[in-house]
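Data first, discussion second: the structure below is written as structure tokens.
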Amino acid sequence: MIPRYKMVAFLVAVFMIMGLILTFATGPTFAAEKKYKMIFIVKSLDNPFWDRMRAGAEKAGEDLGIEIKTLAPIKPYNVEEQLRFMEDGITQNVDAICVVPADSKGIVPGIEKANKAGIVVVTPNSRAYGGSVATWTGAQNRDVGYDIAKFGLKTIGGKGNVIILEGTPGNQTAIDRKKGFDDAIAEFSGIKVLASQTAKYSRVEGMRVMENLVQRFPDVDLVIACNDEMALGAIEALDAAGRLSKTKVTGFDANNDALKSISEGKMLATGDQRPDAQGYWGVVAAYAYLEGMPVPKDIFLPAPVIDKSNVAKHLN
Amino acid sequence: MKFLKHHSRTLILLALCTLISFLSPHFLQKDNIINILRQAAILNILGVGMTIVIITGGIDLSNGAVLALSSCIAAILLKDAGLPMPIGIIAALMIGCGCGLINGTMVARVAIPPFIITYAMMFFTRGLAFLFLRGKIIYGFTPEFRFIGTGSLGGVSMPIVISAAVTIIFLFIQKYTPFGSEIYAVGADEEASMLSGIRTKSVVIRVYILSGILSALGGIVYMARLNASEPVIGEAFPLDAIAAVLIGGTPLSGGEGGVGGTVIGALVITIIINAMNLLGISSLLQTFILGALIIIMISVQSHSGRLFSWAHFFLVNRNGARP
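Order-wise, the sequence lines are chains V and S.
Going by the working numbering, the first sequence opens with residue 10, and the numbers climb by one from there.
Going by the working numbering, the second sequence opens with residue 74, and the numbers climb by one from there.
Structure (structure tokens):
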């Protein structure tokens, strides 16, 4: 008779191996004989934003007939893992690396290594502060932030109490978006900023911070959040406190939940940066560069404000 | 002396509350206190599981990932498959139970260090959660399900009710059941307790299973409260729960401490975060302050504990029994 623990251990091993096979079987693999090989590295998988960007990049790969391998760090926003992906790409001798730097400075050594190996580097969405980058694609975070904040401030009549939910401290998009909010707020003299706190781009943090701030401030007219996740968390907190009817909330990124929330009349507005277009154009730019075409240093993509009036055409 | 030893963490909690209530007039209001209890509820549920694991001398680094996996599975079953609520909840608890069984079996029967196997389990379960949801978020559950996270029972909100029930059940187990004393015996001296007839391996396995089930329960409350489920939730839970256990006076060496202290530990951590939001402390400073305060709390706690247990040993209890 086989001891019981051995059987359990065996079953566990089978279970784990099956998991591994499943992972690899569904993961991306390089097929042979395509013109160019590229890797596309996003910041994380914790936000549908990156999934849309990945889909855009893969569509561009299909349209242009090049191989694209999309990668994301296991630990969200981890620049060390991104550097490892870049090094792996360099040893596999890819033609181009599209990377969305999780840390604009931290990614530089990877870009320099790629430059040395003669590999084209493109940075969609977020900029790198060094190395030689062929092009950057994206929306101006500051400008979209300004548009959303202005829309929200106009909706509350240009006067009242405002809370800002900031992104992860030190993150470039967080700084740029906040700058846009601040610029818009500076144009209205009747606006009072009650608090400006980080909720680290996460929904649960957004809920927690808002639950705490609701205790301190009885009158809040508008919450401006640096992304949709935090805005949705804040909406849950306000809803639970019975104050959603008095307080408007704006987000940023236009992910599916946010669009749904806008159509349900809960969220006021969000901005669509079209991450799929950023990914698509990033790959197209790398392709054009490899073909010897001149490519502009910055490719700006338009980013409209979405509210109840135009949400229907963005909702799929 | 005995009073001080047994209540040193309660004193820490009171000192913290007094300090903050001077700094912010909003802190001691009824609504804010309920808010703190509600926010501490999930950390407390996971902390209770972590406590009994640590008492046996083990550790469970997988609790946050098990929370994520079980809530993702429940979300898929409830939202995508449209199954009735009890099935989703039971499935989540079964997942937690299964992960705990694997952890416990590997620790007790295959003799893999708990740190290693639960660390591996953390990646394994989180990876599965990613695989099932592919980085997407499931959003919007039925009001019946959301009741678990946002409803209230007799005026007390549900997360608090569940967390209190879990605490009371485990205080009872810890104090009045043979299993409770076996946990301490295994943590204090595994070999001696084996020789005295305790089935130590079975105790260890059961402890990890309970931790897994509690993680899954935490996951259900979490998604009902947030109205969403995503594979990345609960990343900070293992370390937050360990911090709560340590602040609560259960040392990593095992064999002593208890669930009661962990409740206070969970409250201390939640109160610090709440106070930083109320006081409007700069975003850049918050993580630093939380870390610094946890270090101070734990060193005060463990130092006073050692001091008091020595004094206790010499002055009160000369048999040398476990304090």
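Note that beta-carbon positions come from the ideal geometry of N, C-alpha and C, so glycine has one too.
Since the structure is predicted, the reported quantities are computational estimates derived from the model, not experimental observations.
Among the residues of the stretch 200-225 of chain V, those with a Cβ less than 7 Å away from any Cβ of chain S are Ala204, Gln206, Thr207, Arg212, Val213, Met216, Arg217, Val218, Glu220, Asn221, Leu222, Gln224, Arg225, in the order of the chain. Asp228 (chain V): not part of any beta strand (DSSP E); DSSP gives it neither H nor E. Here Glu245 (chain V) is buried: its Cβ has 16 or more other Cβ atoms, across all protein chains shown, within 10 Å. Between Thr207 (chain V) and Gln359 (chain S) the beta-carbon gap is near 7 Å, inside 8 Å, which marks them as a contact. Beta-carbon to beta-carbon, Phe243 (chain S) and Val121 (chain S) are separated by about 5 Å, close enough to satisfy the 8 Å threshold. Among the bridge pairs identified by DSSP, Ser205 (chain V) is matched with V:Ile173. Two segments are said to touch when three or more pairs of C-beta atoms, one from each, lie closer than 8 Å; by this definition the stretch 195-205 of chain S does not touch the stretch 314-322 of chain S.
The criterion of a C-beta distance shorter than 8 Å is satisfied by Leu174 (chain S) and Ile282 (chain S). For Ala249 (chain V), the enclosing alpha helix (DSSP H) starts and ends at 237-249. Counting C-beta pairs closer than 8 Å gives fewer than three between the stretch 80-90 of chain S and the stretch 164-179 of chain V, which falls short of the contact rule.
Residues of the stretch 45-72 of chain V with a C-beta atom less than 9 Å from some C-beta of chain S are Ser53, Leu54, Asp55, Asn56, Pro57, Trp59, Asp60, Arg63, listed in chain order.
Exclusion of the five residues before and after Asn108 (chain S) leaves Asn347 as the residues of its chain whose Cβ lies within less than 8 Å of its Cβ.
Relative to the Cα of Phe100 (chain S), the nearest Cα in the group S:Ile362, S:Val229, S:Ile344 belongs to S:Ile344. Identification of residues in the stretch 169-181 of chain V having a C-beta nearer than 8 Å to some C-beta of chain S yields Glu175, Pro178, Gly179, given in sequence order. Listed along chain S is no residue with a C-beta nearer than 9 Å to that of Asp156 (chain V); the closest approach is about 23 Å. Straight across, the Cα-Cα distance linking Met47 (chain V) with Arg225 (chain V) is about 51 Å. Going by DSSP, Ile342 (chain S) is part of the alpha helix (DSSP H) stretching over 332-352.
Contact annotation: Ile120 (chain V) and Val142 (chain V) have beta-carbon atoms nearer than 8 Å. The alpha carbon of Gln149 (chain V) has as its nearest neighbour, out of V:Pro305, V:Gly189, V:Cys107, V:Thr164, the alpha carbon of V:Gly189. Listed in chain order, the non-local C-beta contacts of Val223 (chain V) below 8 Å within the same chain comprise Val229, Ala246, Leu247, Ala250, Arg252, local neighbours out to five positions each way being set aside. Against chain V, the beta carbon of Lys209 (chain S) has neighbours under 8 Å at Pro57, Asp60, listed in chain order.
For Cys145 (chain S) against Ile286 (chain S), the beta-carbon gap comes to about 17 Å, at or over 8 Å, which does not count as contact. Apart from the 5 residues on each side of it in sequence, Leu268 (chain V) sits with its Cβ closer than 6 Å to the Cβ of Val320, His323, Leu324 in its chain, given in chain order. If you compare the alpha carbons of V:Phe160, V:Lys125, V:Ala111 with that of Arg136 (chain V), the shortest gap goes to V:Ala111. For Glu76 (chain V), the uninterrupted beta strand (DSSP E) segment begins and ends at 76-80. By the 16-neighbour rule on beta-carbons within 10 angstroms, Leu325 (chain S) is exposed.
Take the alpha-carbon of Lys159 (chain V) and the one of Ser372 (chain S): they are about 49 Å apart.
Within the stretch 305-326 of chain S, those residues whose Cβ lies closer than 7 Å to any Cβ of chain V are, in chain order, Val305, Ile306. Annotated as distal: Gly270 (chain S) and Ile128 (chain S), with beta-carbon spacing of 8 Å or more.
About 6 Å separates the CB atoms of Ile200 (chain V) and Leu162 (chain V); that is less than 8 Å, so the two are in contact.
Per DSSP, the unbroken beta strand (DSSP E) holding Val129 (chain V) starts and ends at 129-133. The beta carbon of Ile293 (chain S) is closer than 7 Å to those of Ser144, Ala147, Ile162, Ala165, Ile221 in its chain, skipping five residues each way along the sequence. Of all residues in the stretch 273-289 of chain V, none comes within less than 8 Å of chain S when Cβ atoms are compared.
Take the alpha-carbon of Leu312 (chain S) and the one of Ile115 (chain S): they are about 14 Å apart. Taking C-alpha positions only, Val130 (chain V) is separated from Ala123 (chain V) by approximately 7 Å. Under the Cβ criterion of 8 Å, Phe197 (chain S) is counted among the residues facing chain V.
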